[in-house]
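A quick write-up on the structure given underneath.
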Amino acid sequence: MLPSCRLAHQCLATVYAVLVLLITPAFSQVQRTPIERGFLNWFGPEHSLPLRSSNEWGSWQSWSPCSRTCGGGAAVRTRQCIKRDSAGPDCPGDTRQYQVCNMKDCPSGVTDFRHFQCSAYNNKPLMGNYYRWLPFQSGQGDCELSCLAQGQNFYYNFGRVLDGTSCHAEYNGICINGQCLKVGCDLILGSDEKTDICGVCGGQNVSCQHHRNIYTTKYPASGLFGYNEVTMIPAGATNIRVTDKSNNYLALRNRNYHYVINGNWAISFPGVFNVAGTKVQYKRSADNQESFEATGPTDEDLHVMIRFLIADKCGKCRKVKGRQNKIKQYCQKDFVFRGRIVSKKIVGKETCYDVQVIITYKNKFPIMRREYMWVPNTCDCPSLLEKREYILMARRHVNYEKTLNRILLERDSFVRLYKPKEDKMLRDLDKECAKSGYQTNPKPNQ
Ligand SMILES: *[C@@H]1O[C@H](CO)[C@@H](O)[C@H](O)[C@H]1NC(C)=O
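Residue numbers (mature numbering (1 follows the signal peptide of the UniProt record, and there is no 0)): -28 to -1, 1 to 418.
Structure representation (structure tokens):
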């Protein structure tokens, strides 16, 4: 554990939230279904010219199998011009159509499609030699299959990649017949259609309401060290953006009140979280700027919370009493141990105890013989005296920068002066946890 302190003493938490709520899909006529429209006409719309001959298209053959089973491939179908009048003009339009298919992401561990195509040459001789091939960006075009001979200093161009190969990692495009075609939101190859802020493909930004607000939450007068709800983002919201510049932490709960980001006193690493049917990007900078961003639409209500770090006003300490509280905390906290308070000092707005750990009854995480233990107030709640031994039930508190990984004793943590009879009583509590259905994962390291 690191003996470091977080000094957060802001009394106000200001959360900026901008989100767009999807209301009725009033403009659903601009939405397109991928099956009907998911193809490309190479030479403009069909039937755009009046037919002036008796030459006619035969019906479409069925679609070819998709070139890939996942990760976005292409399928093709063809038709033939039935020539009844050899002197008349050709049938207008193209003999081929392309459709994107199997757009779902591949399961992790599946070989990259280019990698797969290069490795297909591993057991084939090239000018009398055998090589192992890896994909290589040769600059010879997005749809060329350039492969590097492993352990050699040359690459070889094997020609066009297979239809359905992504043009490049950073392009949202697919190679067909050696040409890179962008995929629009309508899944048409070569289309420019984009999803509007309401989440409608090809929409005009008019089918939803814009909601923007600044929430200022007063520090709870109770001096609570806890979570407060800031606002609820209803299901169907798109283009969500929530920012916070206070010293506190943003947190996110789902409809069932389960925390999905920064819950249960642990601080999540920034990153992408799959929440409410969308991906929420959680960002956090070293100077305490935080944000949630999601494209949506969400499929359930989300609760934006603020987690206050420190109590401001002292008031009276509440003593946690009773066997039920003791069992509950025993089962839920990360550490239960007998500790002797070596010294105590105030650091910023927190109290830091130097503790000698005498016996561990439960520790979900490693604990050392000598630890710093933090109490996020300067009110002496709970009240602990130097040179005395206590039974302490505490949590682990980690922030994402990993500059904090510490033992945290909260205002309402269970604390008792140690008496010898506590030993046996505490050792029996594991069974109680199982009985009352509390999740516990004790790993005593005595
Ligand atoms: C919709 O809004 C976005 C973001 O403000 C903007 O970039 C885009 O041009 C708008 N589209 C239309 C059709 O107005």
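C-beta atoms are modelled at their ideal positions from N, C-alpha and C, and glycine is treated no differently.
Item: Proximity to Cys286 [Cα-Cα], best of Glu358, Cys147, Pro354; Value: Pro354
Item: Inter-stretch contact at 8 Å, needing at least 3 Cβ pairs: the segment 40 to 58 / the segment 73 to 92; Value: yes
Item: Among Lys293, Val292, Asp352, Cys157, nearest to Val319 - alpha-carbon criterion; Value: Asp352
Item: Cross-strand partners of Asn151 (DSSP beta bridge); Value: As written in the sequence, residue 151 is Gln, which differs from the Asn given in the question. According to DSSP, which records beta bridges pairwise, Gln151 is partnered with Ile148.
Item: Nearest candidate by alpha-carbon position, reference Thr215, set Gln181, Ala248, Val252; Value: Val252
Item: Own chain residues within Cβ distance below 7 Å of Gly243, not counting five before or after; Value: Tyr254
Item: For Phe280 and Cys119, the rounded distance between their alpha carbons; Value: 54 Å
Item: Residues bridged to Pro107 [DSSP beta-bridge criterion]; Value: Cys119
Item: According to DSSP, residues forming a beta bridge with Lys255; Value: Ser263
Item: Proximity to His140 [Cα-Cα], best of Ser163, Phe130, Phe108, Asn149; Value: Phe108
Item: Same chain only: Cβ atoms within 8 Å of Trp29, ignoring 5 sequence neighbours per side; Value: Arg51, Gln52, Cys53, Ile54, Cys63, Gly65
Item: Secondary structure of His230, DSSP reduced to three states; Value: coil
Item: Cutoff 7 Å; reference Gly171; Cβ partners in own chain excluding five residues on either side; Value: Leu(-7), Thr210, Gly268, Pro269
Item: Asp158 CB to nearest heavy atom of ligand 1 below 7 Å; Value: no
Item: The segment 380 to 389 contacting the segment 358 to 367, beta-carbon criterion three pairs below 8 Å; Value: yes
Item: Buried or exposed by the 16-neighbour rule on C-beta atoms within 10 Å, applied to Asp135; Value: buried
Item: C-alpha distance - Gly195 paired with Asn220, whole-angstrom precision; Value: Only weak support exists for where Gly195 lies, its pLDDT of 48 falling under 50; the coordinates are left without a value.
Item: Val48 versus Asn234: straight-line alpha-carbon distance, rounded; Value: 47 Å
Item: Classification of Met99 by the beta-carbon crowding that lies within 10 angstroms, buried from 16 upward; Value: exposed
Item: Exposure label - Pro392; buried when at least 16 CB within 10 Å; Value: exposed
Item: Three-state secondary structure assigned by DSSP to Leu12; Value: Only weak support exists for where Leu12 lies, its pLDDT of 28 falling under 50; the value from the coordinates is given anyway. Looking at Leu12 - three-state DSSP - the assignment turns out to be strand.
Item: DSSP-derived helix/strand/coil call for Phe280; Value: coil
Item: For review: beta carbons within less than 7 Å of any heavy atom in ligand 1; Value: Asp168, Ile169, Gln176, Asn177
Item: Same chain, Cβ closer than 8 Å to Cys289, five either side skipped, listed in chain order; Value: Cys351, Asp352, Cys353, Pro354, Ser355, Arg383
Item: Contact set for Glu343: own chain, Cβ-Cβ below 7 Å, skip 5 residues either direction; Value: Met(-28), Val327, Val329, Ile379
Item: Contact set for Phe337: own chain, Cβ-Cβ below 8 Å, skip 5 residues either direction; Value: Asp306, Phe307, Arg368
Item: Sequence-distant residues of the same chain with beta carbon closer than 6 Å to Asn260, five excluded per side; Value: Asn219
Item: C-beta atoms of Asp164 and Asn177 nearer than 8 Å; Value: no
Item: Helix, strand or coil at Cys303 according to DSSP, with G and I counted as helix; Value: helix
Item: Member of Leu153, Gly208, Gln296 whose CA lies at the smallest distance from the CA of Val72; Value: Leu153
Item: Environment of Asn349 [buried if 16+ CB atoms lie within 10 Å]; Value: buried
Item: Beta-carbon proximity check, His275 vs Met204, cutoff 8 Å; Value: yes
Item: Outcome for Val347 when other beta-carbon atoms lying within 10 angstroms are tallied against a minimum of 16; Value: buried
Item: Exposure label - Lys298; buried when at least 16 CB within 10 Å; Value: buried
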